[in-house]
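Okay, structure first, notes after.
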Amino acid sequence: MEKQTNICQEQAFNKVYKAQAQSLRNFMFFKTKDTDASYDLVQEAFLKLWQNCAKVTPEKAKSYLFTTANNLFLNTVAHKKVQFKFTQGVKKSQDNNSPEFLLEEKEFGQKLQKALDSLTQLQRTAFLLSRVEGKKYREIAAIYNISEKAAGKRVLDALEKLRETIENL
Amino acid sequence: METKQALEKWLNNEATPAEMQVLNAWPDFDSYKKIDAHTKRMVLPEHDITSGIKALRDTPLFNKPQKQKRPKVVTMPMLLKIAAIFILLAGSTVFVTTLPTNIQAPIASIQTIELPDSSKITLKENARISYKKYGWPFNREVTLEGEAYFEVAKGNTFTVLTPRGKRECSWHLF
Numbered sequence: 099m100e101k102q103t104n105i106c107q108e109q110a111f112n113k114v115y116k117a118q119a120q121s122l123r124n125f126m127f128f129k130t131k132d133t134d135a136s137y138d139l140v141q142e143a144f145l146k147l148w149q150n151c152a153k154v155t156p157e158k159a160k161s162y163l164f165t166t167a168n169n170l171f172l173n174t175v176a177h178k179k180v181q182f183k184f185t186q187g188v189k190k191s192q193d194n195n196s197p198e199f200l201l202e203e204k205e206f207g208q209k210l211q212k213a214l215d216s217l218t219q220l221q222r223t224a225f226l227l228s229r230v231e232g233k234k235y236r237e238i239a240a241i242y243n244i245s246e247k248a249a250g251k252r253v254l255d256a257l258e259k260l261r262e263t264i265e266n267l
Numbered sequence: 022m023e024t025k026q027a028l029e030k031w032l033n034n035e036a037t038p039a040e041m042q043v044l045n046a047w048p049d050f051d052s053y054k055k056i057d058a059h060t061k062r063m064v065l066p067e068h069d070i071t072s073g074i075k076a077l078r079d080t081p082l083f084n085k086p087q088k089q090k091r092p093k094v095v096t097m098p099m100l101l102k103i104a105a106i107f108i109l110l111a112g113s114t115v116f117v118t119t120l121p122t123n124i125q126a127p128i129a130s131i132q133t134i135e136l137p138d139s140s141k142i143t144l145k146e147n148a149r150i151s152y153k154k155y156g157w158p159f160n161r162e163v164t165l166e167g168e169a170y171f172e173v174a175k176g177n178t179f180t181v182l183t184p185r186g187k188r189e190c191s192w193h194l195f
């Protein structure tokens, strides 16, 4: 008696959705720099997963989603030029709240946005996966099918490039 | 170099206390920390799970029955299978029998060939003939290029096709 868990069952599918939607959304947001486009890509990737539910085991679902979303992204929005815009949360302020400090912070934030925008798609995504999502090099490597070392280098290169860009702005 | 390595480890939250000391002593580290702190404050678009699932369910493509689709196997009735085998066999036999046999005499020598009805053809050097070995009883045709000597068995007629014309013969030496 073999109990086969299958994503074709609604419950199993919903479970995968709950577990992966947000991180997939972030991944796509880093890539597209666009809130709406990232939403569409996530939904499309899940639709593809549903259509191929018989072929994808629950363990493979995550990597299937990321690969599919990545391919969808490459097919559709790779050529679109979007300005990276994101809101920055306000730092929990217990310290310095002087207007000069706030202004300086704001300026730095804008520079950072521009710098992130100028990174290549791969560098930006790897960097943000590491920094914002707190993903380890190992996990980033798994998404891109590259070695852990290469993932680490990508993140480090991105950081150095960011600093360079910000200083020159 | 050492600092770079430490920085890479720090980005992966794996820097050892010793490495942290190296980094903290490094004047550039502050600007990296600043970039890191600011980046971490990025507000991500929140993906609403419930409405996301609902939206998915509302797409027409989603509702097509996709459940455990099995690969389609084309089945044939037994009789059809047997018939197909025979048709294949018959087809290949016809194909093989209609293939002409080609013979070319080697340069500077002659060659004698015996046809299925025991007629004999002697090819002069570099002459070439082709005939259909298996269809012989029905199709007595020999295509000839060059010069040859025919020794036709009694009572048999066959056609010789040459580039210059067609020739029928009964028993003959020519």
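First to last, the protein sequences are chains A and B.
Going by this note's numbering, the first sequence opens with residue 99, and the numbers climb by one from there.
Going by this note's numbering, the second sequence opens with residue 22, and the numbers climb by one from there.
Beta carbons are placed, not taken as given, at the ideal position from N, Cα and C, and that holds for glycine.
Every value quoted in this text rests on a predicted model; they were computed, and no experiment measured them.
Which of the three DSSP states is assigned to Ser-52 (chain B) in this structure? helix
I need the DSSP call for Arg-78 (chain B), collapsed to helix, strand or coil. helix
Are the C-beta atoms of Asn-84 (chain B) and some chain A residue less than 7 Å apart? no
Looking only at its own chain, which residues have a Cβ that is under 7 Å from the Cβ of Cys-106 (chain A), when we skip the five neighbours before and after it? In the same chain as Cys-106 (chain A), and ignoring 5 residues on each side of it, the C-beta atoms closer than 7 Å to its own belong to Cys-151 and Ala-152, in chain order.
Name the chain B residues that come within less than 7 Å of Arg-123 (chain A), Cβ to Cβ? Those within 7 Å of Arg-123 (chain A) in chain B are Pro-66 and His-68.
Compute the Euclidean distance between the alpha carbons of Met-99 (chain A) and Leu-254 (chain A), then round it to the nearest angstrom. Residue placement at Met-99 (chain A) is flagged as unreliable, the pLDDT there being 38, under the threshold of 50; a coordinate-derived value is accordingly withheld.
So what does DSSP say about Gln-107 (chain A), is it helix, strand or coil? coil
Residues of chain A with CB closer than 8 Å to the CB of Lys-61 (chain B), please, in chain order. Those are Arg-229 and Val-230, listed as they occur along chain A.
Neighbour list for Leu-145 (chain A) in chain B, Cβ cutoff strictly below 9 Å: Leu-77, Thr-80, Leu-82 and Phe-83
Collapsed DSSP secondary structure at Leu-217 (chain A) in the structure displayed: coil
Excluding sequence positions up to five away, which residues of its chain have a Cβ less than 7 Å from the Cβ of Glu-135 (chain B)? Lys-141
Count the other CB atoms, across all protein chains shown, that sit within 10 Å of the CB of Val-154 (chain A); report buried if there are 16 or more and exposed otherwise. buried
Let's test the definition: count the other Cβ atoms within 10 Å of the Cβ of Asn-33 (chain B) and tell me whether it reaches 16, buried, or not, exposed. buried
By the criterion of Cβ-Cβ separation under 9 Å, what are the contact partners of Gln-141 (chain A) in chain B? Gly-73, Ala-76, Leu-77 and Thr-80
Could you give the distance in angstroms between the alpha-carbon of Lys-259 (chain A) and the alpha-carbon of Tyr-115 (chain A)? The straight-line gap from Cα to Cα measures roughly 35 Å.
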